[in-house]
Amino acid sequence: MAPAVASRLLRHQLARSPRWCSAARGAQRCYSNNARRMGSDHLRFTYHADSSILSQSSAILKSLKTEVSLANHTGHDAAVLLTTPELSKHLDDGEFMREFAQSMASGADVSHFHVMAAVVDNAAMADGADAPFSTLSVLRGHLDDILPRLWDPVPPKVKEDMETTSALTFDLDRVSITVPLAKTMFHNGRASTLLLHRYDMTSGVAKLSHRAETHFKSVKLPTNTSIKSLADVNLTAGLLPLTVPRRIVSSFGNIVRGIEIDSQDSPASTELEVQVNALHDLAQSGSGASLAASGVWAVISPASYPKERLESMYENDSSGSLSVALPLNLESRTSHQIQDILANGGRLYRILSGGGGWGVKKGLLSLDPQESHFALSEEEQMDRFMRDMDDSGFAPVGSNIAFFVTLDHPLQDDSGSAFEFGVSGDANEDTSLPSSQKVSSKFSVYSQQGLFVSWPEEKGSARLKVSVPFVRISSE
18 MAPAVASRLL
28 RHQLARSPRW
38 CSAARGAQRC
48 YSNNARRMGS
58 DHLRFTYHAD
68 SSILSQSSAI
78 LKSLKTEVSL
88 ANHTGHDAAV
98 LLTTPELSKH
108 LDDGEFMREF
118 AQSMASGADV
128 SHFHVMAAVV
138 DNAAMADGAD
148 APFSTLSVLR
158 GHLDDILPRL
168 WDPVPPKVKE
178 DMETTSALTF
188 DLDRVSITVP
198 LAKTMFHNGR
208 ASTLLLHRYD
218 MTSGVAKLSH
228 RAETHFKSVK
238 LPTNTSIKSL
248 ADVNLTAGLL
258 PLTVPRRIVS
268 SFGNIVRGIE
278 IDSQDSPAST
288 ELEVQVNALH
298 DLAQSGSGAS
308 LAASGVWAVI
318 SPASYPKERL
328 ESMYENDSSG
338 SLSVALPLNL
348 ESRTSHQIQD
358 ILANGGRLYR
368 ILSGGGGWGV
378 KKGLLSLDPQ
388 ESHFALSEEE
398 QMDRFMRDMD
408 DSGFAPVGSN
418 IAFFVTLDHP
428 LQDDSGSAFE
438 FGVSGDANED
448 TSLPSSQKVS
458 SKFSVYSQQG
468 LFVSWPEEKG
478 SARLKVSVPF
488 VRISSE
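For the sequence shown, the residue numbers in the numbering used here are 18 to 493.
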């Protein structure tokens, strides 16, 4: 959102709305007179710790308090603290955590203060910049609003999840985003880190009364608008098309067997192999678009998706195939179109393997079948089986498939988001920030393993794994 527009909206909210936000020395503090309907008042920020103080817990908190106003006028009694792995050891430092809770409570008259602390792969300081900063990302609010199930017991991991990292699910109204946590074995001896703390504040000084370790929790994010599906958030994905959409004529489960090209049935990988080889030649020559060799993704659009909208993001040559040397002005248009497809019954999958072969296996493509971070329940497994049986699963016959390659850099995003979730990537360009920029007024978390997104649909729930490097999902 442009600054001038944001300023006008803020003045309008102050005059007429029951909810308003204010800048608080780099952080964002939001208030609501209708908290139960629109979400609690809250404080959010992401803080970049200077490399010279990473090992000094007291120096980190001292620096933080000079950058962010932590005044707690409405009695917040809970906070989510996310750190990058470089800062993970501080979560086991009892004095650091006690001081953090004391600072977050900030003299408010609360009997207890609750802290959920986790280690994540990364956090965003600026739009599009997810360089490996040492960061703290913090959300503070009322326990019943942001962490309503904090102390509910969590079932133990099933056998299939024993090697799976812990995870957090963030609820943006009806859209849920599950973020796998960072692997921290070489930082603190844990496979991943998710800790719960409760501090007794009755004496005015934080005293630890309970501490627990778990593998899953959920956070309810205070949103200002209704979010019912992927269409109601901002999705930015750096993908460019390799092929035009083709009708699927044969598939089973996550295997695509055949597509239709010029009214003829063809192996699924026919055009993709040609374009990938061309992309490789372009990379060898050092020319063409700035594309990454980190994989190929398939976008499946339902048969009901309007053909004219499907074709609007493609620029064909006379043969019907796409050149891999596409102009980069297609980036934003492609990203918006992919979001529209996904919000209207489409799906996004990474290509795991395929191509080549002979006989009945010639040209088969295998799509990544993972839809959730943790193992599916028996009910969810049955739902998937039934969808595969009635040909409404991964790649239904009659739907369309197109293939995409990733950019090697993040797309810029001027949405002015309050909450941001992303997939880390290795940018070729320098995304470091000026030393003066230590605080961002957003709550953010990035994962190297991808994001798992779900939302309700007319028939059941949509489940989507998003692992495209540099992808971002954000909300105001």
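Here a beta-carbon is modelled for each residue, glycine too, at the ideal position from N, C-alpha and C.
Here the structure is a predicted model, which is why all the values come from computation and not from measurement.
| Check | Outcome |
| --- | --- |
| In three-state terms, what does DSSP make of Gln281? | strand |
| Spatial neighbours of Asp357 within its chain, please: C-beta separation below 6 Å, excluding the five flanking residues on both sides. | none |
| My guess is that Ala229 and Ala122 are in contact by the Cβ rule of under 8 Å, so how many angstroms apart are they, rounded? | Not confirmed; about 20 Å, so no contact. |
| Give the single residue among Asn89, Val250, Lys82 whose Cα lies nearest to the Cα of Glu493. | Val250 |
| Looking at C-beta atoms only, is the number of pairs between the region 466 to 485 and the region 150 to 169 that lie closer than 8 Å three or more? | no |
| Specify whether the region 168 to 179 and the region 453 to 466 touch according to this definition: at least 3 beta carbon pairs, one from each stretch, less than 8 Å apart. | no |
| Beta-carbon separation of Leu108 and Thr100 under 8 Å? | yes |
| First and last residue of the beta strand (DSSP E) that includes Ser211? | First, the amino acid is wrong: residue 211 is Leu here, not Ser. 211 to 217 is the extent of the beta strand (DSSP E) around Leu211. |
| Compute the beta-carbon to beta-carbon distance between Phe62 and Ser457, rounded to the nearest angstrom, for a pair I have assumed lies under 8 Å. | 7 Å |
| For Lys82, does the three-state DSSP call read helix, strand or coil? | helix |
| Going by other Cβ atoms of all chains shown within 10 Å of its Cβ, with 16 needed for buried, is Glu475 buried or exposed? | exposed |
| Indicate whether Ile368 and Leu382 have their beta-carbon atoms separated by less than 8 Å. | yes |
| To the nearest angstrom, how far is the alpha carbon of Pro262 from that of Lys378? | 22 Å |
| Taking Cβ to Cβ, would you say Ser151 is nearer than 8 Å to Ala96? | no |
| Provide the residue span of the alpha helix (DSSP H) that contains Asn205, from first to last. | 202 to 205 |
| If you measure between the beta carbons of Asp298 and Leu238, is that distance less than 8 Å? | no |
| Quick one: grab the DSSP three-state call for Ser461. | strand |
| Less than 6 Å between C-beta atoms, sequence neighbours within five positions excluded: which residues of the same chain meet that for Phe113? | Ser74, His107 |
| What are the boundary residues of the beta strand (DSSP E) that includes Leu156? | 152 to 158 |
| In whole angstroms, what is the alpha-carbon distance linking Thr351 and Val485? | 14 Å |
| Taking the alpha carbon of Thr91 as the reference point, which residue from Val236, Ala118, Leu60, Pro197 has its own alpha carbon closest? | Leu60 |
| At the level of alpha carbons, what is the spacing between Ser267 and Gly206? | 48 Å |
| Could you pull the start and end residues of the beta strand (DSSP E) that Lys482 belongs to? | 478 to 483 |
| Going by beta carbon distance, what residues of the same chain come within less than 6 Å of Arg364, once the five residues before and after it are set aside? | Ile317 |
| Could you give the DSSP three-state label for Glu388: helix, strand or coil? | coil |
| Buried or exposed: which applies to Met139, given that a residue is buried once 16 or more other Cβ atoms fall within 10 Å of its Cβ? | Before going on, a small fix: residue 139 reads as Asn here, not Met. The residue is buried, with at least 16 neighbouring Cβ atoms inside 10 Å. |
| List the endpoints of the continuous alpha helix (DSSP H) containing Arg326. | 324 to 328 |
| Which same chain residues end up closer than 6 Å to Thr253 when comparing Cβ atoms and leaving out the 5 residues on each side of it in sequence? | Ser352, Leu428, Asp430, Arg489 |
| Apart from the five residues on each side of it in sequence, which residues of its chain come closer than 7 Å, Cβ to Cβ, to Ser128? | Met218, Thr219 |
| Whole angstroms are fine: how far does the CA of Ser389 sit from the CA of Glu290? | 29 Å |
| Could you check what DSSP says for Asn517 in three-state terms: helix, strand or coil? | Given that the chain is displayed from residue 18 to residue 493, the structure contains no residue 517 and the question cannot be resolved. |
| Taking Ala76 and Leu98 to be in contact with their CB atoms under 8 Å, please state how far apart those CB atoms are, rounded to whole angstroms. | About 17 Å separates the two Cβ atoms, so there is no contact after all. |
| Can you tell me whether DSSP reads Val490 as helix, strand or coil? | Checking the displayed sequence, the identity of residue 490 turns out to be Ile instead of Val. In the structure shown, Ile490 sits in a strand (DSSP, three-state: E or B). |
| Go through the region 71 to 115 residue by residue and report every complete run of the beta strand (DSSP E) that reaches 3 residues or more, in order. | 95 to 100 |
| How big is the Cα-Cα spacing for Thr186 and Ala118? | 22 Å |
| Anyone know if the C-beta pair for Val132 and Ala199 falls short of 8 Å? | no |
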